[in-house]
Amino acid sequence: MAKEQVEFELVSPEKLLLSQSVDMVVVPGEDGDFGVLPRHAPMISTVRPGVIAIYSGKEISERIFVAGGFAEVTTERCTVLAEIAQPVGEIDKAAVQQQLQDAKEDLSDAKDDDARDAARKQIGLSEAMLTAIG
Amino acid sequence: MPNLNDLKLRIASVKSTQKITSAMKMVAAAKLRRAQEQAEASRPYAERMERMLGSLAASAGKQPGASPLLAGTGKDDVHLLIVAAADRGLCGGFNSNIVREARNKAKELLSAGKTIKIYCVGRKSRDQLRRDFGNNIVDTIEDIAKPSLGFDKAATVADRVLSMFKAGEFDVCTIFYAKFQSAIAQIPTAQQLIPFEAEGDADASTLADGGVYDYEPSDEKILSDLLPRNIAVQIFKAMLENNASEHGARMSAMDNATRNAGEMIDKLSIQYNRTRQAIITNELIEIISAKEAL
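Chains G and H, in that order, are what the protein sequence lines are. As numbered in this note's numbering, residues 1 to 134 make up the first sequence, in order. As numbered in this note's numbering, residues 135 to 428 make up the second sequence, in order.
If you want it as structure tokens, here you go:
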């Protein structure tokens with residue numbers, strides 16, 4: 001019998017980014033990371049900015065950064081809806097640091113709550129990206 | 135009798151117009167293909183989001199105190215109409231059809247004593263609505279397809295709409311756009327965004343195999359995240375459909391224009407040749423009669 005696998009799909013509003021069968025995938029859920037193996041209990045969760053790790057066997061074969069979204073897990077599928085997704089290897093560290101710097105300046109310059117919230121969100125995102133690169 | 139030179143000039147000018155329209159048709163055809171691909175590529179996201187939302191709405195929507203995005207504000211006094219049309223004309227009845235649909239709805243709402251607000255997407259929708267509803271237009275966004283139609287554009291519109299909704303500026307939100315059916319058929323459509331209307335069967339909370347989803351952190355929390363996101367996705371979908379429709383409409387309009395120009399050239403050429411012949415005949419008659427007179 002063939003080894004059971006999870007149908008993993010990563011979708012952005014613009015296109016289907018990734019659709020493949022994997023052994024395991026670890027998704028950064030709102031309440032903590034969760035691993036999805038075949039025959040996982042069905043669930044829907046929000047995703048915080050972080051790294052999705054795709055495992056083949058016991059090795060991580062791919063690491064993809066997502067800037068939040070939603071995950072839907074059924075017994076044989078795992079679908080992640082993300083607005084921004086980028087393989088960790090392609091993140092430009094200098095650019096992210098620059099973004100973080102800009103966002104921090106925005107936060108100190110911000111005049112109303114909306115601008116402050118936007119800046120805070122950007123800071124969180126950039127910091128998560130930096131952690132992803134490690 | 136028309137002057138030969140005048141005819142020649144007219145033929146030349148129609149010919150150059152024909153060149154332009156046929157070039158525009160070709161460009162529209164190429165853009166149409168791209169727009170269609172883009173619309174198709176975005177479908178998986180919208181589908182999956184709808185599936186999640188359907189199951190969530192079924193389980194959490196019936197509870198009291200559900201999000202106003204789902205349940206509505208309890209009244210429908212103020213309507214926001216998002217009218218999405220193109221930035222440019224020369225695409226047949228595309229813009230007018232969408233605007234007409236929106237205008238009819240606006241008149242209907244006004245006569246029912248409701249207040250309307252209009253959010254224009256695309257220059258043409260603003261231009262056409264300004265005359266009748268100039269005071270109702272709250273905002274306009276232009277150049278949405280420049281340099282490319284990205285999700286961020288839809289997110290900008292959605293953010294604006296949501297902040298207006300939060301501020302209690304309207305109760306019901308409807309978006310008008312043209313659904314793409316084929317290059318020759320685009321259907322002006324009105325879709326209600328707020329409160330959310332689930333399409334298809336509402337009882338999707340149970341899976342095909344009878345299981346039920348677990349929600350993490352909780353169904354209300356996910357729903358409150360998902361609903362605003364869904365507005366952006368729906369607006370994005372409308373924009374993509376619109377984009378494809380616009381190029382389709384332009385393609386068929388330009389095809390017609392090219393054909394009409396061709397017919398006109400034929401007619402003018404016949405007239406030109408007849409006139410030329412008549413002039414020659416006239417000259418011959420003059421020569422012959424002059425000779426006979428001698």
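Even for Gly, the Cβ is constructed at its ideal location relative to N, Cα and C.
Identify every residue that forms a DSSP beta bridge with residue i.
{"i": "G:F70", "result": "G:T46, G:L81"}
{"i": "G:G29", "result": "G:G32, G:V47"}
{"i": "H:L454", "result": "Outside the displayed span of chain H (135 to 428) sits residue 454 of chain H, for which this structure offers no information."}
{"i": "H:S316", "result": "H:A319"}
{"i": "G:R63", "result": "G:A53"}
{"i": "G:P87", "result": "G:I64"}
Once you ignore the five residues that flank residue i on each side, which residues in its own chain have a CB closer than 8 angstroms to its CB?
{"i": "H:I318", "result": "G382, S386"}
{"i": "G:P38", "result": "E4, Q5, V6, T75, E76"}
{"i": "G:D114", "result": "none"}
{"i": "H:A338", "result": "Model confidence at H:A338 stands at a pLDDT of 46, short of 50, so the residue's coordinates are unreliable and nothing is read from them."}
{"i": "H:L361", "result": "L187, S201, L203, L204, F330"}
{"i": "H:V212", "result": "K248, T249, I250, K251, E303, F304, D305, V306"}
{"i": "G:I44", "result": "F70, A71, E72, V73"}
{"i": "G:L107", "result": "R116, A119, R120, I123"}
{"i": "H:L244", "result": "I250"}
Please report the Cβ distance between residue i and residue j, rounded to the nearest whole angstrom; I am assuming they are in contact, meaning their Cβ atoms lie under 8 angstroms.
{"i": "H:D389", "j": "H:K165", "result": "Actually they do not touch by this definition, with Cβ atoms about 14 angstroms apart."}
{"i": "H:D273", "j": "H:R257", "result": "About 13 angstroms; that fails the 8 angstroms criterion."}
{"i": "H:A312", "j": "H:K239", "result": "Rounded, the Cβ-Cβ distance is 15 angstroms, inconsistent with contact."}
{"i": "H:R234", "j": "H:L402", "result": "35 angstroms between Cβ atoms; not a contact."}
{"i": "G:G124", "j": "H:E350", "result": "20 angstroms between Cβ atoms; not a contact."}
{"i": "H:D348", "j": "G:P42", "result": "7 angstroms"}
{"i": "H:S176", "j": "H:L357", "result": "So it is not a contact: roughly 22 angstroms between Cβ atoms."}
{"i": "H:A180", "j": "H:K371", "result": "5 angstroms"}
{"i": "G:V80", "j": "G:A132", "result": "In fact, because the Cβ distance is near 15 angstroms, the residues do not count as touching under 8 angstroms."}
{"i": "H:L283", "j": "H:N377", "result": "6 angstroms"}
{"i": "G:V47", "j": "H:P178", "result": "The pair is not a contact, with the Cβ atoms about 17 angstroms apart (cut-off 8 angstroms)."}
{"i": "H:V161", "j": "H:M398", "result": "About 22 angstroms separates the two Cβ atoms, so there is no contact after all."}
What does a CB cutoff of less than 7 angstroms around residue i pick up in its chain, not counting 5 residues either side in sequence?
{"i": "G:V194", "result": "What the structure shows of chain G is the stretch from 1 to 134, and residue 194 of chain G is not part of that stretch, so it cannot be assessed."}
{"i": "G:M129", "result": "F65, I91, V96"}
{"i": "G:Q20", "result": "F8"}
{"i": "H:A424", "result": "none"}
{"i": "H:T340", "result": "Annotation note: pLDDT 47 at H:T340 (below 50); position unreliable, no value reported."}
{"i": "H:A220", "result": "F228, N229, G256, K258, E380"}
{"i": "H:G396", "result": "Q152"}
For the beta strand (DSSP E) containing residue i, list its first residue and its last residue.
{"i": "H:A319", "result": "319-328"}
Skipping 5 residues on each side, what residues in its chain have a beta carbon closer than 6 angstroms to that of residue i?
{"i": "G:Q86", "result": "F65"}
{"i": "G:A53", "result": "V26, I60, R63"}
{"i": "G:Y55", "result": "D23, M24"}
{"i": "H:G334", "result": "Its pLDDT being 49, under 50, H:G334 is placed unreliably by the model, and the measurement read from it follows with that caveat. So the list is empty, once near-sequence residues are dropped."}
{"i": "H:I422", "result": "none"}
{"i": "G:I84", "result": "A67"}
{"i": "H:R260", "result": "C254, T274"}
{"i": "H:A336", "result": "Confidence at H:A336 is low in this model, with a pLDDT of 44, below 50, so the placement of that residue should be treated as unreliable; the coordinate-derived value is given next. Only A192 meet the Cβ criterion."}
{"i": "G:H40", "result": "V73"}
{"i": "G:D33", "result": "V26"}
{"i": "G:Q122", "result": "A103"}
{"i": "H:I369", "result": "A288, V291, A292"}
{"i": "H:I232", "result": "A219, F310, A312, P322"}
{"i": "H:I365", "result": "A292, L327"}
Counting along the chain, where does the alpha helix (DSSP H) carrying residue i start and finish?
{"i": "H:D261", "result": "257-267"}
{"i": "G:V22", "result": "G:V22 -> not in any alpha helix (DSSP H); beta strand (DSSP E) instead, spanning 16-22."}
{"i": "H:E235", "result": "228-245"}
{"i": "H:I275", "result": "Looking at the DSSP string, H:I275 is not in any alpha helix (DSSP H); the run it does join, the beta strand (DSSP E), is 271-275."}
{"i": "G:L100", "result": "93-109"}
{"i": "G:E7", "result": "Per DSSP, G:E7 belongs to no alpha helix (DSSP H); it is in the beta strand (DSSP E), 6-11."}
{"i": "H:T207", "result": "H:T207 -> no alpha helix (DSSP H), and no H or E assigned at all."}
{"i": "H:L361", "result": "353-427"}
{"i": "H:K280", "result": "H:K280 -> no alpha helix (DSSP H), and no H or E assigned at all."}
{"i": "G:G124", "result": "113-133"}
{"i": "G:K58", "result": "Premise fails: G:K58 is in no alpha helix (DSSP H) and is neither H nor E."}
{"i": "H:A289", "result": "285-300"}
Using a Cβ cut-off of 8 angstroms, which residues of the segment 163-179 of chain H contact any Cβ in chain G, in chain order? Q172, A175, S176, P178, Y179
If you measure beta-carbon to beta-carbon, which residues of the segment 289-314 of chain H are closer than 7 angstroms to chain G? none
Between the segment 361-387 of chain H and chain G, which residues of the former have a C-beta closer than 7 angstroms to a C-beta of the latter? V367, F370
Contact residues within the segment 14-34 of chain G, judged by C-beta distance below 7 angstroms to chain H: E14, K15, L16, G29, E30, D31
Could you please tell me which residues of the segment 37-59 of chain G, in chain order, have their CB closer than 9 angstroms to any CB of chain H? A41, P42, M43, I44, S45, T46
Using a Cβ-Cβ cut-off of less than 8 angstroms, give me the residues of the segment 57-80 of chain G that come near chain H, in sequence order. F70, E72, T74, T75, T79
Residues of the segment 103-131 of chain G with a CB closer than 9 angstroms to any CB of chain H: list them in chain order, please. D114
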